Each structure stands twice: as structure tokens, then as C-alpha cells.
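Undergrad: In the working numbering, the protein residues as written are 10 to 433. Below is one structure. I have some questions about it.
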């Protein structure tokens, strides 16, 4: 038995309510079990506990054994001084706070079938604990839970954006630009793309948005990809000269070219092509930030993000080698990933910070209109009976797997809770 199970029992009032009393025989009434604390300090804050005739307001600490209080050093920790009740499965010793006062302690019990369900769930060895049982849950309840998980995942992405917004001194345009540029690196080159954005401010690029060539010179040059022997064709030779002029004009210092990963990558994901696509998008408008805030559908975003690249890239994946003719606009999968990971959370954050509910609603609508992702996790969920019908649900299922199933947080999961408390 783990302490988290006792937290679950206490939080959901699943303990046996009859004859609750302290070790000294005083009757206990749980008016409010308190707010669950997942950080340092007592397990539950702001509880309301009636002991005898006195109503106490304070904190509740929970242990398997009462002696764990002393073993964890709570008797000398001021954070636990306002503990009004100690809840245990086994009351083996009396405990005291930093003032020397004895803490009222109760031993709680619970229905054995709840414990049986919990152990049965946690002892499963399928790809997720509930894989063989999830079909017992009402599908409507599952869909409702997924909506909440989608918002939870969105909020986690927003936290990263808030940090970046703060470092950008509240500049929304610069924040969106940096998030967008990083997203072009996807998993393999996210860090160097972010470094590139920091080395090349948006306001410099905006001054040259009418010239695709100058945008390319700035991006490729700052990326450090014009430093090698690439001048055997007129186009790359011209980029080298243009970047030399612009970098001196703006005092720009390029990255080192060795930072970029090309090995074991599909050529369509080469950073050279991603930079060419980024230049095409920046060339499309002087203010990307203004465009994304405008009310428009997926097709308008698709037109923006699938802007055409310089014709040179129709026959190249890198500067050094020509290839068969192929238009190198952004693929649909990449487009959707950028919408899900950058555009949608950014719209939601901007709407939240500026009290624009319509932007938050549009962000969620985009997720509902996008098709579900297709990966190993989602195929596993489908085989277990839960299929995502759109990107909102697929993001929720990915979040469920990463944040609840893998760390085995079944007690905090609505599906796990329902299975544990389901009485045959």
C-alpha cells in the first residue's frame, strides 16, 4: 500500500465514516477534507475538522504509520505547525508539532473492494494499466475527460510561452516569432532554430520582408550555413555577398554551422529546406502576428504556411548537391504540427491575457477541425477501444499517456478513479 492511496481515500471521502475518533476518544467530524497539496508541506490545506465540540481550520497530514511523522522530521518543521489532524492507517505512536503540542490522530479504514480494485489495476502489465478494463467506462465520460486533458495539455504549452513572453518584455510579435522559428526545427533541430531566432531579431527581418532573397540571405547566413564552399552557383554566391553586407549593417553574429543536424534525417526535413520555407512565410506578410489574429479558417493558415520557396530549392535539398525537381512547400503533417504546437496555444494565451474569449474558442475550434494525429500511442489507444476523432482528442490521449499512464498516476486519472471505485 502506498501513501498516495490514503490521499485518494481521504480526498474522495471513501473512508468508513462511522465511529471516527481520535486516539484519546474524542469524536471527529470531517466538515471539509481540505485542498490536496502536491508541493512541499502538509498533504491537505484549509481543512475543516470538528473535534469534540470545537471546529478547527488548518492542515491535514497523512501517513501509513503515525511514526512516519517523526521519521520525516515533521516534529521540527514549522510548515507542519498548523496541522490540525494526523490521518493514518496505523496509529503506532503519538506525535507532536514544533511547539510540543500533541497532534490529534485518527486511524481510518476503507471498503476492501476499493483496495482490491486499486491493487488489481496497479498490478497490470499491459501497455497501460487500464487497457483491458477501459471498455467498462461510459464512452461519454471518457470523451468528457479527454476535453479536460486537452485543455491541461494546452496549459502546459502556454506556460512555456509565458516564460518566453516575459523574457521578450511583453512583445507578443517577437514571442510568436521565436516560438514559430523553433517549431521549424521539430525534434532534431529545435535548439539551433531557437538560437537563430535570438541572433536575428524579428524587426530586422520585417525591414526586408518584400525581398525573399534578402530574407534568405539573413536566415541562411545567421544559421552559419553560408560559410562552406557553396559558391559554385550564382544563387548561393549572391547569398554570401548579401549576408556579408546585411550582417555588417545590423551588427549580426552568425551561429556555427556544425550545430545543425542532417544525418539520419529525411531530406525534406533538412534545416536548409526548413529555412527556405520560413523565408517564404516571412515574405508573405510584414506581420505574421497580425495575420494569425485575424478571423480566418484553416485554408488561410494553410496558404500562409505553405508559401512557395525560392525556385533554387525545387532542384536542391542542400547548397552542395542538385536533386530531381520537386516543389518543396511544407507538407501537411508539418503544417498541422506547427498549428497544434504554436499557433493554437499562442491564440489561446493571447485570448486569455487580453480577455478575448473568441480567440480561445477559435483555438479550440482549430483543434477540432484538424484530423487526429497518427502515431504509436494513438494506435494503442484505438486497439484498447478509444479512438481520437480530431486533433483535440489525439492531443488529450497523448497527454494522458505521457502525464498519467507512464508515471502510473492512476489515482489522479478520471478513468483510473472510476475503475477503482466501481463496485461489481
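C-beta atoms are modelled at their ideal positions from N, C-alpha and C, and glycine is treated no differently. These figures come from a predicted structure and were not determined experimentally.
Do you know offhand how far residue 182's Cα is from residue 87's?
TA: Working through the chain shown from its first residue, we reach residue 182 at position 173. Working through the chain shown from its first residue, we reach residue 87 at position 78. In a straight line, the C-alpha of residue 182 is about 46 Å away from that of residue 87.
Undergrad: When DSSP labels each residue in this structure, what does residue 38 get in the three-state scheme?
TA: Along the chain shown, one-based indexing puts residue 38 at 29. Residue 38: strand per DSSP, three-state reduction.
Undergrad: Any contact between the segment 251-266 and the segment 309-317? By contact I mean 3 or more CB pairs, one from each, below 8 Å.
TA: As far as the Cβ criterion goes, the segment 251-266 does not touch the segment 309-317, which means the pair count is below three.
Undergrad: Using only alpha-carbon positions, find the residue among 249, 101, 324 that is nearest to residue 276.
TA: The residue you call residue 276 lines up with position 267 of the chain shown. Per the Cα distances, 324.
Undergrad: Kindly examine the ligand SAM and report whether one of its heavy atoms sits closer than 6 Å to the Cβ of residue 333.
TA: No copy of the ligand SAM occurs in the structure displayed, which carries no ligand at all.
Undergrad: Kindly list the residues whose CB is nearer than 8 Å to the CB of residue 171, restricted to its own chain and excluding five residues on each side of it in sequence; keep chain order.
TA: Within the chain shown, numbered from 1, the residue matching residue 171 stands at position 162. Correct list, in chain order: 358.
Undergrad: From residue 213 to residue 194, what distance separates their C-alpha atoms?
TA: Position 204 of the chain shown, counted from the first residue, corresponds to residue 213. Position 185 of the chain shown, counted from the first residue, corresponds to residue 194. Looking at the two C-alpha atoms, the distance is approximately 21 Å.
Undergrad: Expressed to the nearest angstrom, what Euclidean distance is found between the alpha-carbon atoms of residue 127 and residue 373?
TA: Counting from one through the chain shown, the residue named residue 127 turns up at place 118. Counting from one through the chain shown, the residue named residue 373 turns up at place 364. Straight-line Cα distance between these residues: approximately 34 Å.
Undergrad: What does a CB cutoff of less than 8 Å around residue 292 pick up in its chain, not counting 5 residues either side in sequence?
TA: Taking the first residue of the chain shown as 1, we reach residue 292 at position 283. The residues are 218, 219, 220, 221, 224, 316.
Undergrad: Quick one: Cα of residue 202 to Cα of residue 46, how far?
TA: Numbered from its first residue, the chain shown carries residue 202 at position 193. Numbered from its first residue, the chain shown carries residue 46 at position 37. Cα to Cα, residue 202 sits roughly 38 Å from residue 46.
Undergrad: Taking a contact to mean a Cβ-Cβ separation below 7 Å, would you say residue 279 touches residue 248 in this structure?
TA: Here residue 279 corresponds to residue number 270 of the chain shown, with the count starting at 1. Here residue 248 corresponds to residue number 239 of the chain shown, with the count starting at 1. For residue 279 and residue 248, no; Cβs fall outside 7 Å.
Undergrad: Find the nearest neighbour of residue 426 within the set 18, 134, 179, 107, judged by alpha-carbon distance.
TA: Numbered from 1 along the chain shown, position 417 holds the residue referred to as residue 426. It is 18 whose Cα lies nearest to the Cα of residue 426.
Undergrad: Comparing alpha-carbon positions, which option in 419, 428, 408 lies nearest residue 156?
TA: Numbered from its first residue, the chain shown carries residue 156 at position 147. For the residues 419, 428, 408, the minimum Cα distance to residue 156 belongs to 408.
Undergrad: Go to residue 353, then tell me how far its beta strand (DSSP E) extends in each direction, as first and last residue.
TA: As a position in the chain shown, residue 353 is number 344, starting the count at 1. First-last for residue 353: 353-362, but that is the alpha helix (DSSP H), not the beta strand (DSSP E).
Undergrad: Alpha carbons only, please: which of 140, 395, 32, 123 is nearest the one belonging to residue 149?
TA: For the purposes of this step, residue 149 is identified with residue 140 of the chain shown, where counting begins at 1. With distances taken between Cα atoms, residue 149 lies closest to 395.
Undergrad: If you pair each beta-carbon of the segment 77-97 with each one of the segment 106-120, do three or more pairs fall below 8 Å?
TA: Contact holds: three or more Cβ-Cβ distances are below 8 Å.
Undergrad: Cutting at 7 Å between CB atoms, please list the residues of its own chain near residue 393, excluding the five before and the five after it.
TA: Against the chain shown, residue 393 aligns to sequence position 384. Contacts found: 140, 143.
Undergrad: Only counting runs of 4 or more residues, tell me where the alpha helix (DSSP H) segments fall wholly within the segment 355-408, in order along the chain.
TA: DSSP runs (the alpha helix (DSSP H)) wholly in the segment 355-408: 366-378, 385-392.
Undergrad: Just mark residue 387 as buried or exposed, buried being the case when its beta carbon has 16 or more other beta carbons within 10 Å.
TA: Here residue 387 corresponds to residue number 378 of the chain shown, with the count starting at 1. That one is buried.
Undergrad: Taking only three categories from DSSP, how would you classify residue 57?
TA: Residue numbering aside, residue 57 sits at position 48 when the chain shown is read from its first letter. Correct three-state label for residue 57: strand.
Undergrad: Using only the alpha-carbon positions, how far apart do residue 410 and residue 63 sit?
TA: For the purposes of this step, residue 410 is taken as residue 401 along the chain shown, with counting starting at 1. For the purposes of this step, residue 63 is taken as residue 54 along the chain shown, with counting starting at 1. Answer to the nearest angstrom: the Cα atoms are 45 Å apart.
Undergrad: Residue 122 lies in the beta strand (DSSP E); which residues open and close that run?
TA: Within the chain shown, numbered from 1, the residue matching residue 122 stands at position 113. Note, residue 122: premise wrong, no beta strand (DSSP E); alpha helix (DSSP H) at 121-131.
Undergrad: Locate the beta strand (DSSP E) running through residue 93, then write down its first and last residues.
TA: For the purposes of this step, residue 93 is taken as residue 84 along the chain shown, with counting starting at 1. Element bounds for residue 93: 92-99.
Undergrad: Just mark residue 339 as buried or exposed, buried being the case when its beta carbon has 16 or more other beta carbons within 10 Å.
TA: What you label residue 339 is simply residue 330 of the chain shown in a count that begins at 1. With 16 or more other Cβ atoms within 10 Å, it is buried.
Undergrad: Whole angstroms is fine: what's the gap from residue 96's alpha carbon to residue 429's?
TA: By 1-based counting over the chain shown, the position of residue 96 is 87. By 1-based counting over the chain shown, the position of residue 429 is 420. Using only the alpha carbons, I get a separation of about 21 Å.
Undergrad: Exposed or buried, residue 252, counting other C-beta atoms within 10 Å across all chains shown (16 or more means buried)?
TA: Along the chain shown, one-based indexing puts residue 252 at 243. So residue 252 ends up on the buried side.
Undergrad: Using DSSP's beta-bridge definition, name the partner residues of residue 30.
TA: Indexing the chain shown from 1 puts residue 30 at position 21. In the DSSP output, where bridge partners are listed per residue, residue 30 has 36.
Undergrad: How should residue 113 be labelled, buried or exposed, when 16 other C-beta atoms within 10 angstroms of its C-beta is the threshold for buried?
TA: Here residue 113 refers to the residue found at position 104 of the chain shown. Residue 113 comes out buried.
Undergrad: If contacts are defined as beta-carbon pairs under 8 Å, then residue 56 and residue 23 qualify, I think. What distance do you get, rounded to the angstrom?
TA: The residue labelled residue 56 in the question sits at position 47 within the chain shown. The residue labelled residue 23 in the question sits at position 14 within the chain shown. That belief does not hold up - the Cβ atoms of residue 56 and residue 23 are roughly 16 Å apart, past 8 Å.
Undergrad: Expressed to the nearest angstrom, what Euclidean distance is found between the alpha-carbon atoms of residue 117 and residue 153?
TA: Looking up residue 117 in the chain shown gives position 108. Looking up residue 153 in the chain shown gives position 144. Spanning the two alpha carbons is a distance of roughly 32 Å.
Undergrad: Could you tell me the boundaries of the alpha helix (DSSP H) in which residue 114 lies?
TA: As a working note, residue 114 is residue 105 in the chain shown. Per DSSP, residue 114 belongs to no alpha helix (DSSP H); it is in the beta strand (DSSP E), 114-116.
Undergrad: My parser needs the alpha helix (DSSP H) runs of 4 or more residues fully inside the segment 190-262; what are they?
TA: Complete alpha helix (DSSP H) runs here, min 4: 195-208, 211-215, 221-231, 243-259.
Undergrad: Have a look at residue 385 and residue 134 and give me their C-alpha separation to the nearest angstrom.
TA: Start at 1 with the first residue of the chain shown, and residue 385 comes out as number 376. Start at 1 with the first residue of the chain shown, and residue 134 comes out as number 125. Their Cα atoms are separated by approximately 18 Å.
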